[in-house]
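**Q**
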Amino acid sequence: MKLISWVVLSSALFLSFFFPWEMGGESWGYWSFTKILNETGHFVNLDRSPLYTLYLLPFSLIPYPYSTYLEYLLSMLIVLLAMNIFLVTEIKNVFAALVGTIIWIPIFQSFEPPVQKLGLASVLFAFTLRNSNVFLKNTVLHTVY
1 MKLISWVVLS
11 SALFLSFFFP
21 WEMGGESWGY
31 WSFTKILNET
41 GHFVNLDRSP
51 LYTLYLLPFS
61 LIPYPYSTYL
71 EYLLSMLIVL
81 LAMNIFLVTE
91 IKNVFAALVG
101 TIIWIPIFQS
111 FEPPVQKLGL
121 ASVLFAFTLR
131 NSNVFLKNTV
141 LHTVY
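The sequence shown begins at 1 in this note's numbering and counts up one residue at a time.
#1: Between the alpha carbons of glycine 6 and serine 49, how many angstroms are there, rounded?
#2: For lysine 2, does the count of other Cβ atoms within 10 angstroms reach 16, so buried, or fall short, so exposed?
#3: Going along the chain, which unbroken runs of the alpha helix (DSSP H) with 4 or more residues stay wholly within the stretch 19-73?
#4: In the DSSP assignment, find the unbroken alpha helix (DSSP H) run with asparagine 131 in it and report its ends.
#5: Counting Cβ pairs, one atom from each stretch, are 3 or more of them under 8 angstroms apart for the stretch 16-27 and the stretch 91-98?
#6: Going by DSSP, what residue range makes up the alpha helix (DSSP H) through serine 110?
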């Protein structure tokens, strides 16, 4: 079943290239921050997610249109995997988790800046890890309040 989930998620991710999507101004800003970091070795603005700027650095070494495509694929793959793993552990139904993950693809595409996608993936991984222990499962919301 896991192999089928991988194939379906990969196919849905590939098909998402045909959805109307365009990078926004904040995305281009992060790419320019990465170019400046690559050329000068200094961060332009430390308030604008230096970790994401470092994340974009290997992609900036690839020629222009392919770098943005590859970054989109990897970022979306991370988010889709995080969402699917989270939903499988919470719902316990692989098919429902797969459908729930695929439904979110157009919304994930519209996240601006894209660093929010990776932030959401981090939160989903954290919730999944916290909920994996039976004793901590009942205290997850308690720690938030």
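No residue lacks a Cβ here, since even glycine has one placed at the ideal position from N, Cα and C. The structure presented is a predicted model; accordingly, all values stated were derived computationally and were not measured.
**A** Reading it off the structure:
#1: What sits at residue 6 in the sequence shown is tryptophan, not glycine. Those two C-alpha atoms are separated by around 30 angstroms.
#2: exposed
#3: Fully enclosed alpha helix (DSSP H) runs of 4 or longer: 25-40 and 50-60.
#4: 115-131
#5: The stretch 16-27 makes no contact with the stretch 91-98: fewer than 3 CB pairs, one atom from each, lie closer than 8 angstroms.
#6: Careful: serine 110 lies outside any alpha helix (DSSP H) and carries neither H nor E.
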